[in-house]
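As they're listed, the protein sequences go chains A and B. Going by my numbering, the first residue of the first sequence is number 10, and it counts up by one from there. Going by my numbering, the first residue of the second sequence is number 2, and it counts up by one from there. We treat Cβ as the ideally placed atom computed from N, Cα and C, and that holds for glycine.
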Amino acid sequence: MLSKQANQFLIELKMYLISKGKNDQEIHGVINELSDHLLQAEAAGKNIEDIVGDSPRAYMKSIGQEMGFDIRQFLILTPMTALLLMAYICFAPAILGEFSLSKLGVLGAIAGAVLSIILYGFLLVRVLPKMFYSKWFYIVIGLTYMLLIGFFVFVNLFDKEPFFIATPLQSNIVLLGCILVFITWAIYSKTWISIIIPIFISFGPIAGRFIPEHINEDPFYITLAIIFGILGLVILFYFLFKNEKEKSIS
Amino acid sequence: MSTTSQMLKGLLEGSLLALIAKGETYGYEIIEKLKEHHFAVVSEGSIYPVLMRLQKNNFVTSVQRKSPSGPKRKYYSITKEGEEELERFKQHWNKVSSGVSSLLEEEE
């Protein structure tokens, strides 16, 4: 099994190469090759410094220099990221059948998208990798989450004049669109994460839309839902963890 | 960077080519073989950018095969162009090393 430092280095390298627009397959190839090397080196009692030298960043650069810039992949990845962000934002209102567009909401989303693209390169290469495995990582995730929720609360409080309110049919079409984006992403990135997150987001809205009012407010059913929710989470994390373990053993 | 590591860096490409020419091999094994020859690399990972360059220039090819320990491993072998490049490297090296040696001997 690889050490924490070795895993950390591989994550940093991967993010660095992705942010530099390198070819996905080439990245995968070099990461595989290096993890195979690190695995053997660490088993022989060597340190990560013996492999990457004194400056991991200089080493990453030397690898990046040997790889070409994959313009096609860059052109696919950027709009797909924007679509995914939009799908996350539209998902919950679409399930509720309350999809609407308001000026503030749209402007906020556009500003958020532009800002995230600017921050994207910086965060991906400079900030995020250093935070993996540290408590700062969770603090930043938590803060981002709170900011997002704050934004939605703000929009809900002050933005009462949507210029477009979807009919139930239109809401369902938006919903279908979101689900398509999530599935496309999952297939493309070969991870479940873009499907797992929407499932979590959808619990509340689905309950709101499809469960009759009197059941929704019955304490018995609320308790039941909490218990099943926690059980579901435990099972999910068990499988995720097991998967991870198997991956790092193989 | 010390003088030694500067020098070695320039020689790594030809040396890796020479090693791969002796038979199909992979990253970690290359490092072990280099050590057997007392070839001091700057850091073990420094061979990978060089291997990538060799492959880009068509001097070596690679195949993925399952390793005994499980994950897929990239095995390198030399190409026709690689053999020609190795020949050039040998000639250059002989010229340079004999020149430097004779110079240094003269000084003593």
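Buried or exposed for residue 13 (chain A), please, with buried defined as at least 16 other CB atoms from any protein chain shown within 10 angstroms of its CB.
-> Position 4 of the first sequence holds residue 13 (chain A). Answer is exposed; the Cβ neighbour count stays below 16.
- From which residue to which residue does the beta strand (DSSP E) around residue 79 (chain B) run? Looking up residue 79 (chain B) in the second sequence gives position 78. Note, residue 79 (chain B): beta strand (DSSP E), 73–79.
**Q.** Against chain A: residues of the stretch 36–57 of chain B by CB proximity under 8 angstroms
**A.** 43, 44, 45, 46, 47, 49, 50, 53, 54, 57
Q: For chain B, find out if any of its Cβ atoms is closer than 9 angstroms to the Cβ of residue 16 (chain A); answer yes or no.
A: One-based indexing of the first sequence puts residue 16 (chain A) at position 7. Cβ-Cβ to chain B under 9 angstroms: no for residue 16 (chain A).
| Are the stretch 26–34 of chain A and the stretch 20–37 of chain B touching, with three or more C-beta to C-beta distances below 8 angstroms? | no
What three-state label does DSSP hand residue 11 (chain A) in the structure shown? Here residue 11 (chain A) corresponds to residue number 2 of the first sequence, with the count starting at 1. Three-state result, residue 11 (chain A): coil.
- Which bits of chain A does residue 29 (chain B) rub up against, with CB to CB less than 8 angstroms? Taking the first residue of the second sequence as 1, we reach residue 29 (chain B) at position 28. Residues of chain A passing the Cβ test: 45, 46, 49, 50.
Practice problem: Write down the C-beta distance between residue 47 (chain A) and residue 60 (chain A) rounded to the nearest angstrom, noting that I regard them as a contact closer than 8 angstroms. | Solution: Residue numbering aside, residue 47 (chain A) sits at position 38 when the first sequence is read from its first letter. Residue numbering aside, residue 60 (chain A) sits at position 51 when the first sequence is read from its first letter. About 6 angstroms; that satisfies the 8 angstroms criterion.
Closest to residue 61 (chain B) by C-alpha separation, out of B:90, B:76, B:106, B:68, would be which residue?
Position 60 of the second sequence holds residue 61 (chain B). It is B:76 whose Cα lies nearest to the Cα of residue 61 (chain B).
_Which of the three DSSP states is assigned to residue 173 (chain A) in this structure?_
Taking the first sequence and counting its residues from 1, one reaches residue 173 (chain A) at position 164. Residue 173 (chain A): strand per DSSP, three-state reduction.
query: Does DSSP put residue 137 (chain B) in a helix, in a strand, or in coil?
result: Nothing about residue 137 (chain B) can be read from this structure; chain B reaches only from 2 to 109.
Could you confirm whether any beta carbon from chain B is found closer than 9 angstroms to the beta carbon of residue 117 (chain A)?
-> In the first sequence, counting from the first residue as 1, residue 117 (chain A) sits at position 108. For residue 117 (chain A), the answer is no, since every Cβ of chain B falls outside 9 angstroms of its Cβ.
Self-check item: Cutoff 9 angstroms: residue 68 (chain B) Cβ touching any chain A Cβ
Solution: As a working mapping, residue 68 (chain B) is identified with position 67 in the second sequence. Yes, because at least one Cβ of chain A sits closer than 9 angstroms to the Cβ of residue 68 (chain B).
Thinking just about the alpha-carbon of each residue, which of B:30, B:43, B:33 is nearest to the one in residue 13 (chain B)? Counting from one through the second sequence, the residue named residue 13 (chain B) turns up at place 12. Of the listed residues, the one whose Cα sits closest to residue 13 (chain B) is B:43.
_Cutting at 8 angstroms between CB atoms, please list the residues of its own chain near residue 16 (chain B), excluding the five before and the five after it._
Here residue 16 (chain B) corresponds to residue number 15 of the second sequence, with the count starting at 1. Cβ neighbours of residue 16 (chain B) beyond the five flanking positions: 35, 40.
Under 9 angstroms, do residue 108 (chain A) and residue 179 (chain A) count as touching if we go by C-beta distance? Working through the first sequence from its first residue, we reach residue 108 (chain A) at position 99. Working through the first sequence from its first residue, we reach residue 179 (chain A) at position 170. Yes; because the gap between Cβ atoms is below 9 angstroms, this pair is in contact.
- Name the chain B residues whose beta carbon is nearer than 8 angstroms to that of residue 68 (chain A)? Against the first sequence, residue 68 (chain A) aligns to sequence position 59. Ordered by position in chain B, the residues that pass the 8 angstroms Cβ test against residue 68 (chain A) are 44, 46, 47.
Per DSSP, residue 26 (chain B) forms a beta bridge with which residues? Locating residue 26 (chain B) in the second sequence gives position 25, counting from the first residue. Partner(s): B:77.
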